[in-house]
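> Protein chains in written order, with our numbering: chain A, 978 to 1131; chain B, 978 to 1131; chain C, 978 to 1131. One structure, pasted below without further comment.
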């Protein structure tokens, strides 16, 4: 039986999502089994490029939610300049883009779970997220976490 | 003997405190034993609604420290609008408020430890925090962490 | 064989670096073996006080990167005022400075690893970091993490 890793992706920043996905794909390469649990702002990593929200507040929030191609770094974003600069520097130094890292992780069997409760609160529907994502609550996270060699909150 | 979970609450943001408390109460429901260690900005979750600080700097800092009803989300707070909006959306979608989550956690036996060292540095006294909180240092955290199935830094 | 702890230092904020180093030195005092893995903004904790960067973007980024004496807290920095105030309050209440904590951690055998991949992307060279630091990738982190009693992402 393989050793497991669980990663909660809470923040939804470009740089933190990158760290999470590099650890996830790295762990798979080291023959571990990985679960990623996306909650709150982390849902942006799995979001399609479309407007979300049903009620007034959900639509308001939807104006600010981004998708994987538009989230910025946790520091020095300067209204998008930081994101653009980081993308350039990652490419220059031969690091996969966030989109490629996500695809690699999913193709290599990393389990992607979106937190149903934060989807409800933020009015993000299952159709707003990309294909291949599972849906679950804190129980689903805890079941994976209890069997994991280590758990990260990112 | 029950499996244990330890959670360091460092950030003191509304959304991160919510994630921490949902994981804590969830773990109790899954028959685990939970310790939460509140440090730095996380102390705001346990703070009464009152001014803190003794010296000049402590009083200055005290002007900015909030309590559980006034902390805002880590992103999109917009001077309090975000907090208000999130509260509305949580209520609408049947999610417990932060205050109710904290009460539920404490009532169900989650151990709440406030970091004495950061209380000293930030000039927050034991009387500034709510009833039922224990006080401890890094040793108290490590004793719990060493026995835990997993540890989160939030 | 000693129990191990692994800590990823991602954020590079003064207060989070302090929490990481206090846990690290505390764990050593409790007879544990500690590895710290510095990545992204966390590299500032290990950076010398000098300009970094080779290409245009690297030099641009280098203008904003700080060193251990100049990083500020994650909240309420107010352009450096927060850092100054925290230093005063730490001194007043007998808490070691960040520089002293780092020295203590290194002297007591905490393993300091700088993430080579983020150094490449951010154009920080090995000469830009202080003496006594090792260099490694996600594999180096995972090797330590797999043997650790617990792992933190800070």
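Where a beta carbon is used, it is the ideal one built from N, C-alpha and C, also for glycine.
Could you compute how far the alpha carbon of residue 1099 of chain A sits from the alpha carbon of residue 1030 of chain A?
Along the first chain, one-based indexing puts residue 1099 of chain A at 122. Along the first chain, one-based indexing puts residue 1030 of chain A at 53. Each residue's Cα considered, the two are about 7 Å apart.
> Measuring CB atoms only, is the region 1056-1063 of chain A touching the region 984-1004 of chain B, in the sense that at least three cross pairs come out at less than 8 Å?
no
> Once you ignore the five residues that flank residue 1017 of chain B on each side, which residues in its own chain have a CB closer than 6 Å to its CB?
Residue 1017 of chain B sits at position 40 when you count from the first residue of the second chain. Correct list, in chain order: 987 and 1095.
> Is residue 1084 of chain B close to chain A? Criterion is C-beta to C-beta, closer than 8 Å.
In the second chain, residue 1084 of chain B corresponds to position 107, counting from 1. It does not; no Cβ of chain A falls within 8 Å.
> Is residue 1099 of chain B helix, strand or coil by DSSP?
As a first step, residue 1099 of chain B must be located in the second chain, where it is residue number 122. Residue 1099 of chain B: helix per DSSP, three-state reduction.
> Can you list, in chain order, the residues of its chain whose CB lies under 8 Å from that of residue 1046 of chain A, leaving out five sequence neighbours each side?
As a working mapping, residue 1046 of chain A is identified with position 69 in the first chain. Cβ neighbours of residue 1046 of chain A beyond the five flanking positions: 1026, 1075 and 1076.
> If the cut is a Cβ gap below 7 Å, which residues of chain C does residue 1126 of chain A touch?
For the purposes of this step, residue 1126 of chain A is taken as residue 149 along the first chain, with counting starting at 1. Simply 1123.
> Run through the region 989-1013 of chain A for me and flag every whole alpha helix (DSSP H) of 4 or more residues, listed as ranges in chain order.
991-1006
> Note down, in chain order, every chain A residue with its Cβ under 8 Å from the Cβ of residue 980 of chain B.
Counting from 1 along the second chain, the entry for residue 980 of chain B is found at position 3. What residue 980 of chain B touches in chain A: 1123.
> DSSP beta-bridge partners for residue 984 of chain C?
Locating residue 984 of chain C in the third chain gives position 7, where the first residue counts as 1. Answer is C/1013 and C/1129, bridged to residue 984 of chain C.
> So is residue 1009 of chain B buried or exposed if we call it buried at 16+ other beta carbons inside 10 Å?
Stepping through the second chain from its first residue, residue 1009 of chain B is reached at position 32. So residue 1009 of chain B ends up on the buried side.
> Have a look at A/1071, A/1033, A/1036 and A/1019 and flag the residue whose alpha-carbon is nearest the alpha-carbon of residue 1049 of chain A.
Position 72 of the first chain, counted from the first residue, corresponds to residue 1049 of chain A. Checking every option, the nearest Cα to that of residue 1049 of chain A belongs to A/1019.
> Taking the beta strand (DSSP E) that residue 1088 of chain B belongs to, which residues open and close that run?
Against the second chain, residue 1088 of chain B aligns to sequence position 111. For residue 1088 of chain B, the enclosing beta strand (DSSP E) begins and ends at 1088-1092.
> How many angstroms separate the CA atom of residue 996 of chain C from the CA atom of residue 1033 of chain B?
Reading the third chain from its first residue, position 19 is the one you call residue 996 of chain C. Reading the second chain from its first residue, position 56 is the one you call residue 1033 of chain B. Distance from the CA of residue 996 of chain C to the CA of residue 1033 of chain B, rounded to the nearest whole angstrom, comes to 24 Å.
> Here's a check: name, in chain order, each residue in its chain whose Cβ is nearer than 6 Å to the Cβ of residue 1039 of chain A, leaving out the five neighbours to either side.
Within the first chain, residue 1039 of chain A is the residue found at index 62, counting from 1. If we look at residue 1039 of chain A and ignore the five residues flanking it on each side, its Cβ neighbours are 1028, 1029 and 1030.
> Please list the residues of the region 1097-1116 of chain C that have a C-beta atom closer than 9 Å to any C-beta atom in chain A, keeping them in chain order.
1097, 1098, 1099, 1100, 1114, 1115 and 1116
> Residue 1131 of chain B and residue 1023 of chain B: beta carbons closer than 8 Å?
The count along the second chain starts at 1 and reaches residue 1131 of chain B at position 154. The count along the second chain starts at 1 and reaches residue 1023 of chain B at position 46. Result no, Cβ atoms of residue 1131 of chain B and residue 1023 of chain B do not sit closer than 8 Å.
> Determine the direct distance from the alpha carbon of residue 1005 of chain A to that of residue 984 of chain A, and round the result to whole angstroms.
In the first chain, counting from the first residue as 1, residue 984 of chain A sits at position 7. In the first chain, counting from the first residue as 1, residue 1005 of chain A sits at position 28. Using only the alpha carbons, I get a separation of about 13 Å.
> Please confirm if residue 1017 of chain B has its CB atom under 8 Å from at least one CB of chain A.
Start at 1 with the first residue of the second chain, and residue 1017 of chain B comes out as number 40. Look at residue 1017 of chain B: its C-beta is not under 8 Å from any C-beta on chain A.
> Taking only three categories from DSSP, how would you classify residue 1055 of chain B?
Your numbering for residue 1055 of chain B matches position 78 in the second chain. Reduced to three states, the DSSP call for residue 1055 of chain B is helix.
> In this structure, how does DSSP classify residue 1134 of chain A when only helix, strand and coil are distinguished?
Coverage of chain A is limited to positions 978 through 1131, which leaves residue 1134 of chain A absent and any answer about it impossible.
> Let me know the secondary structure DSSP gives residue 1031 of chain A once reduced to three states.
As a first step, residue 1031 of chain A must be located in the first chain, where it is residue number 54. Residue state, collapsed to three classes: coil.
> Which residues bound the alpha helix (DSSP H) around residue 1112 of chain B?
For the purposes of this step, residue 1112 of chain B is taken as the residue at position 135 of the second chain. Careful: residue 1112 of chain B lies outside any alpha helix (DSSP H), inside the beta strand (DSSP E) at 1111-1113.
> In three-state DSSP terms, what is residue 1106 of chain C?
Indexing the third chain from 1 puts residue 1106 of chain C at position 129. DSSP places residue 1106 of chain C in strand when its eight states are reduced to three.
> How far does the alpha helix (DSSP H) with residue 1083 of chain C in it reach, from first residue to last?
The sequence position of residue 1083 of chain C within the third chain is 106, counting from 1. That run of the alpha helix (DSSP H) goes 1075-1084.
> Any beta carbon of chain B sitting closer than 8 Å to that of residue 1119 of chain A?
Indexing the first chain from 1 puts residue 1119 of chain A at position 142. Closer than 8 Å: yes.
> What residue from C/980, C/978, C/1090 and C/1001 has the CA that sits closest to residue 1081 of chain C's CA?
To locate residue 1081 of chain C, count along the third chain from 1; it is residue 104. The residue with the shortest Cα to Cα distance from residue 1081 of chain C is C/1001.
> Mind checking residue 1085 of chain A: buried by the 16 CB within 10 Å criterion, or exposed?
The residue given as residue 1085 of chain A occupies position 108 in the first chain. By the 10 Å Cβ count, residue 1085 of chain A comes out exposed.
> From C/1126, C/978 and C/1073, pick the residue whose C-alpha is nearest to that of residue 994 of chain C; which is it?
The sequence position of residue 994 of chain C within the third chain is 17, counting from 1. With distances taken between CA atoms, residue 994 of chain C lies nearest to C/1073 out of C/1126, C/978 and C/1073.
> For residue 1089 of chain B, collect the residues of the same chain with a Cβ closer than 6 Å to its Cβ; drop the 5 residues on either side in sequence, then sort them by chain order.
Locating residue 1089 of chain B in the second chain gives position 112, where the first residue counts as 1. Excluding residues within five positions, the ones whose Cβ falls inside 6 Å are 1013 and 1110.
> Assuming the contact rule is C-beta atoms closer than 8 Å, residue 1044 of chain B and residue 1021 of chain B should be a hit. Round their C-beta distance to whole Å, please.
To locate residue 1044 of chain B, count along the second chain from 1; it is residue 67. To locate residue 1021 of chain B, count along the second chain from 1; it is residue 44. Right, their Cβ atoms sit about 6 Å apart.
> So for residue 1068 of chain B, helix, strand or coil by DSSP?
Working through the second chain from its first residue, we reach residue 1068 of chain B at position 91. Correct three-state label for residue 1068 of chain B: helix.
> So, is residue 981 of chain B buried or exposed, given that buried needs 16 or more other C-beta atoms within 10 angstroms?
What you label residue 981 of chain B is simply residue 4 of the second chain in a count that begins at 1. Residue 981 of chain B is buried by the Cβ-count criterion.
> Would you report the Cα separation of residue 1015 of chain C and residue 1063 of chain B, rounded to the nearest angstrom?
For the purposes of this step, residue 1015 of chain C is identified with residue 38 of the third chain, where counting begins at 1. For the purposes of this step, residue 1063 of chain B is identified with residue 86 of the second chain, where counting begins at 1. Note on geometry: alpha-carbon atoms of residue 1015 of chain C and residue 1063 of chain B lie some 34 Å from one another.
> With distances taken Cα to Cα, identify the nearest neighbour of residue 1118 of chain B among C/1122, C/1070, C/1079 and C/1129.
Numbered from its first residue, the second chain carries residue 1118 of chain B at position 141. Comparing Cα positions, the closest option is C/1129.
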